[in-house]
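*Asks:* Structure incoming, see below.
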Amino acid sequence: MSYPSKYRYTREHEWIEIDGSHGKIGITDYAQNSLGDIVFVDLPKIGSIIEKGKTFGSVESVKAVSDLYAPVTGTVVEVNQELATAPEKINTDAHTSWILKVDIADPAQVSELLSADAYDAFVSEETH
Amino acid sequence: MVDFGGWDMPVEYSGLIAEHMAVRTGVGVFDVSHMGDIQLRGPGSLAAVQKISMNDASKLALGQAHYSAMLYPNGTFVDDVIVHKFSDNDYLLVINAGTREKDVNWVRQNVGAMHSVHVSDYSDFYTQLAIQGPKAEATLQKLTDTDLSGIRNYWFAWGKVCGLYNTLIARTGYTGEDGFEIYVPSDEQTSVRVWNEVLEAGAEFGILPCGLGARNTLRLESAMALYGHEISDEINVLEAGLDRYAKFEKGDFIGRDALLAVKAAGGPKRKLVGLEMIERGIARDGYAIRTLDGLEIGRVASGSPAPFLKRNIALAHLPPEYQEPGSAVAVEIRGTLVKAVVVPLPFYKRPKKPAVQ
């Protein structure tokens, strides 16, 4: 699986797609694959603040719970309601199934995230 | 792969939900070779089984098996066990992997001084495969000339399977579904060959190899106990709700006096119940269960989404006030109280087969 080069990544397996001052956040294909069948996504409320490195929700498969970590600090402006009823979309296509959109507080934080190549190298190390 | 009692075992092969559904609607196969096998032989074997196991083995016919448990003197669990009667002088106890060494030592310790009984640990000699689901019989029938329809639930036969003579074929399992467990020689070549032949035989029914993940969700839907969760050395038989398998009238067995004392004192202070989440949220093992006012009344023994029922379910030991179906409780999920209701057990019961003419 290739990781989209225009996204940035965390070591906790989230991706963020930057569009101006907004960012769309999801989890990586590696993450969905290790979780297995996803049955539940705990979405934050619109207007709530997420803080870089802190948990803002969780994704659950049948067998496990996985916390979601914010790649950047920001205000939630939209959540993907489709995932409330069809969380398995993340298994089908993790890299287009965004979980939420944030208004990014500090664009400088984005540069601290991993590139697609760096993330790829990170997960191949983790699996070996 | 995860370490499970010292065994490298896959949690899932193709996907937990698909594997779970294959067993409920078609057929699945599990490698359960991690289960332990203790054999008690000799003229004293029945007396030994009667002492260490709470069910009444004197009621077993040749070729019959039953669910039972081995208990500590205080009525809590050494392990649960399936007892098979091979002959009047020969019984097989199938035990759990995680507790194998402890179980074998415990059996030796408690049987050791008895007359005319020999304890053997044959765990390493068998590869145990569980073929489970409504199509299990049709799958396995292709690999044996033994008439499987003649083996009733919790009975067994010896037959030729995949060319292997005198293979133990038991109509048992841990999924809540019809199915068989077969015991074949544990050398790698034979094990792999039988595994592949089972997969081939079940291909027309969409057979899937199933991992520990589906094994857990299947047994949970059927409300079957797992050691360390619903039963343990801190939970007694009455609390686990398994007293229907404790035959007090058969005479003495280890743990009997303690259980009778608990009964005489008014019954256990907590008992296993089924819970179903009514608000959004999944109860997981160990989560606190509270009253709607927030008072802690227990912990989740096992909790998970139920793939076939498509509900979020849990098992927990709760006080008498919360044992009636319909009782409202809350599960604390990452700091939030999420409502659940007590429901009758089991969550899932397989449909009865239509009567065969």
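Read top to bottom, the protein sequences are chains A and B. Mapping of the first sequence onto the working numbering: position 35 corresponds to residue 56, and the numbering continues sequentially without gaps. Mapping of the second sequence onto the working numbering: position 239 corresponds to residue 540, and the numbering continues sequentially without gaps. Ideal Cβ placement from N, Cα and C applies to all residues, glycine included. Keep in mind it's a predicted model, so treat the numbers as computed, not measured.
#1: Taking Cβ-Cβ distances shorter than 8 angstroms, what residues in chain A pair up with G514 (chain B)?
#2: Give every residue of the same chain whose Cβ lies closer than 6 angstroms to the Cβ of D40 (chain A), excluding the five residues on either side of it in the sequence, and list them in chain order.
#3: Answer yes or no: does any C-beta atom of chain B fall closer than 8 angstroms to that of V100 (chain A)?
#4: If you draw a straight line from the alpha carbon of F549 (chain B) to that of S79 (chain A), how long is it in whole angstroms?
#5: Should I125 (chain A) and G47 (chain A) be called a contact, given that it needs their Cβ atoms to be closer than 8 angstroms?
#6: Work out the CA separation of Q433 (chain B) and I456 (chain B) for me, nearest whole Å.
#7: What residue range does the beta strand (DSSP E) around H116 (chain A) cover?
#8: Classify S118 (chain A): buried if its beta carbon has 16 or more other beta carbons within 10 angstroms, exposed otherwise.
#9: For the stretch 580-611 of chain B, which residues have a beta carbon sitting closer than 7 angstroms to at least one beta carbon of chain C?
#10: Just to make sure I have the definition right: I need the residues of chain A whose C-beta is within less than 7 angstroms of the C-beta of E313 (chain B). Which are they?
#11: Is the distance from the Cβ of F506 (chain B) to the Cβ of A439 (chain B) below 8 angstroms?
#12: Measure from the C-beta of G529 (chain B) to each C-beta in chain A and report whether the shortest distance is under 8 angstroms.
#13: For G376 (chain B), I'd like the list of residues in its chain whose CB is within less than 6 angstroms of its CB, leaving aside the five on either flank, ordered along the chain.
#14: Check whether the stretch 434-453 of chain B and the stretch 345-363 of chain B touch, using three or more Cβ-Cβ pairs below 8 angstroms as the test.
#15: With distances taken between CB atoms, is the gap from L341 (chain B) to Y392 (chain B) smaller than 8 angstroms?
#16: In the DSSP output, which residue or residues are listed as bridge partners for I555 (chain B)?
#17: Smallest Cα separation from M336 (chain B): which of B:M322, B:Q410, B:G599 and B:L394?
#18: Output the boundary residues of the alpha helix (DSSP H) element that contains A105 (chain A).
#19: Return helix, strand or coil for Q429 (chain B), following the three-state DSSP convention.
#20: With H, G and I counted as helix, E and B as strand and the rest as coil, what does DSSP make of R29 (chain A)?
#21: Does H367 (chain B) come out as helix, strand or coil in the three-state DSSP assignment?
#22: Near Y28 (chain A), what residues of its chain come up, given a Cβ to Cβ distance below 6 angstroms and the 5 sequence neighbours on each side ignored?
#23: What residue ranges within the stretch 391-469 of chain B form continuous beta strand (DSSP E) runs of no fewer than 3 residues, ordered along the chain?
#24: Beta strand (DSSP E) containing D63 (chain A): first to last residue?
#25: Using a Cβ-Cβ cut-off of 8 angstroms, state whether F61 (chain A) counts as contacting chain B.
#26: Indicate the three-state DSSP secondary structure (helix, strand or coil) for F609 (chain B) in the structure shown.
#27: Beta carbon of L619 (chain B), beta carbon of A602 (chain B): below 8 angstroms?
#28: Leaving aside the five residues before and after A629 (chain B) along the sequence, list all residues of the same chain whose C-beta is less than 7 angstroms from its C-beta, in chain order.
#29: So, K66 (chain A) versus V93 (chain A), is the Cβ gap smaller than 8 angstroms?
#30: Less than 8 angstroms between the C-beta atoms of Y484 (chain B) and T468 (chain B), yes or no?
#31: Using a Cβ-Cβ distance cut-off of 8 angstroms, determine whether I318 (chain B) contacts chain A.
#32: Whole angstroms is fine: what's the gap from K110 (chain A)'s alpha carbon to R585 (chain B)'s?
#33: How far does the beta strand (DSSP E) with I318 (chain B) in it extend, from its first residue to its last?
#34: Which same chain residues, not among the five before or five after P108 (chain A), have their C-beta less than 7 angstroms away from its C-beta?
#35: P621 (chain B) by DSSP, collapsed to three states: which one?
#36: Can you check DSSP and say which residues form a bridge with H335 (chain B)?
*Replies:* Quick look at the numbers:
#1: Identification of chain A residues near G514 (chain B) by a Cβ-Cβ cut-off of 8 angstroms yields G57, V83 and K84, ordered along the chain.
#2: none
#3: no
#4: About 48 angstroms.
#5: no
#6: Position check: residue 456 (chain B) holds Trp in this sequence, whereas Ile was assumed. Approximately 15 angstroms between the Cα atoms of the pair.
#7: First-last for H116 (chain A): undefined, no H or E at that position.
#8: buried
#9: Any reference to chain C falls outside this structure, whose protein chains are A and B.
#10: G57
#11: yes
#12: no
#13: N537, V538, G556, A559 and L560
#14: In short, these stretches do not touch, since the Cβ pair count stays below three.
#15: yes
#16: Answer by DSSP bridge pairing: none, since I555 (chain B) is not bridged.
#17: B:L394
#18: E103 to T106
#19: DSSP places Q429 (chain B) in strand when its eight states are reduced to three.
#20: strand
#21: strand
#22: Leaving aside the five residues that flank Y28 (chain A) on each side, the residues in its chain whose CB is nearer than 6 angstroms to its CB run, in chain order, W36 and E38.
#23: 391-396, 419-422, 427-433 and 457-462
#24: I59 to D63
#25: yes
#26: The answer is coil: DSSP assigns F609 (chain B) none of H, G, I, E or B.
#27: no
#28: Closer than 7 angstroms at Cβ, skipping near neighbours: L593, K640 and V642.
#29: no
#30: yes
#31: yes
#32: 23 angstroms
#33: Counting along the chain, I318 (chain B) falls outside any beta strand (DSSP E), though it belongs to the alpha helix (DSSP H) covering L317 to T326.
#34: Cβ within range, chain order: I59, V60, F61 and V62.
#35: helix
#36: The bridge partners DSSP lists for H335 (chain B) come to none.
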